[in-house]
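*Asks:* Submitted below is the structure of interest, expressed as structure tokens.
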Amino acid sequence: MQIQAYRFESNEYRLFPLGFTVDVCDAHLNNSFGSRELKQLQLRDCPFKKHTFRLTNYIPDQSKLPPRMVAGSYRVNSELYDAKAHLMTLDWYGTIEPIVHLRYEQSRKY
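Count along the sequence shown from 1, add 1299, and you get the number used in my numbering.
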């Protein structure tokens, strides 16, 4: 699988310096992207059986994401191949929002 990320800037998705190639079965068996926790997809064995997979409202395990990702909107393009034959293209859309820590101080009354 080839993976390439794009970040939304200036009203369009622009190439983001995050791209790599990975073996899908190795990544799944090693839980590289948290895929083993996706019980609704029923991904158990590799190679995956022919099936229709649907994933909505997915919140990834942030420990599986690259550290210090810049807040913003992203598109991640994934292209799956089987022995050089193109099987499918997946486009994932998501937003990384900054974590805001609020400090609460209780006022003292004298």
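Just so it is clear, CB atoms sit at the ideal spot from N, CA and C, and this is done for glycine as well.
Quick one: residues in its chain with C-beta nearer than 8 Å to the C-beta of F1332, no 5 flanking neighbours on either side, listed in chain order?
*Replies:* Residue mapping note: residue 1332 aligns to position 33 of the sequence shown, counting from 1. Cβ within range, chain order: A1326, P1359 and K1363.
*Asks:* What span of residues does the beta strand (DSSP E) with A1326 cover, start to end?
*Replies:* One-based indexing of the sequence shown puts residue 1326 at position 27. Run containing A1326: none in the beta strand (DSSP E); it sits in the alpha helix (DSSP H), V1323 to L1328.
*Asks:* Taking the straight line between their C-alpha atoms, what separation do you get for P1265 and I1302?
*Replies:* With the chain covering 1300 to 1409 only, the question about residue 1265 has no answer from this structure.
*Asks:* Under DSSP, the beta strand (DSSP E) around H1400 begins and ends at which residues?
*Replies:* Residue numbering aside, residue 1400 sits at position 101 when the sequence shown is read from its first letter. No beta strand (DSSP E) holds H1400; DSSP gives it neither H nor E.
*Asks:* Determine the direct distance from the alpha carbon of A1384 to that of E1396, and round the result to whole angstroms.
*Replies:* For this step, residue 1396 is matched to residue 97 along the sequence shown. For this step, residue 1384 is matched to residue 85 along the sequence shown. C-alpha separation (whole angstroms): 36 Å.
*Asks:* Suppose you measure from the CA of H1400 to the CA of A1382; what does that come to, to the nearest Å?
*Replies:* If you number the sequence shown from 1, residue 1400 lands on position 101. If you number the sequence shown from 1, residue 1382 lands on position 83. Approximately 48 Å between the Cα atoms of the pair.
*Asks:* Got a sec? Which residues, its chain only, sit under 6 Å from Y1312 by beta carbon, not counting five neighbours each side?
*Replies:* In the sequence shown, residue 1312 corresponds to position 13, counting from 1. For Y1312, where only same-chain residues beyond five positions count, the Cβ hits under 6 Å are Y1305 and R1374.
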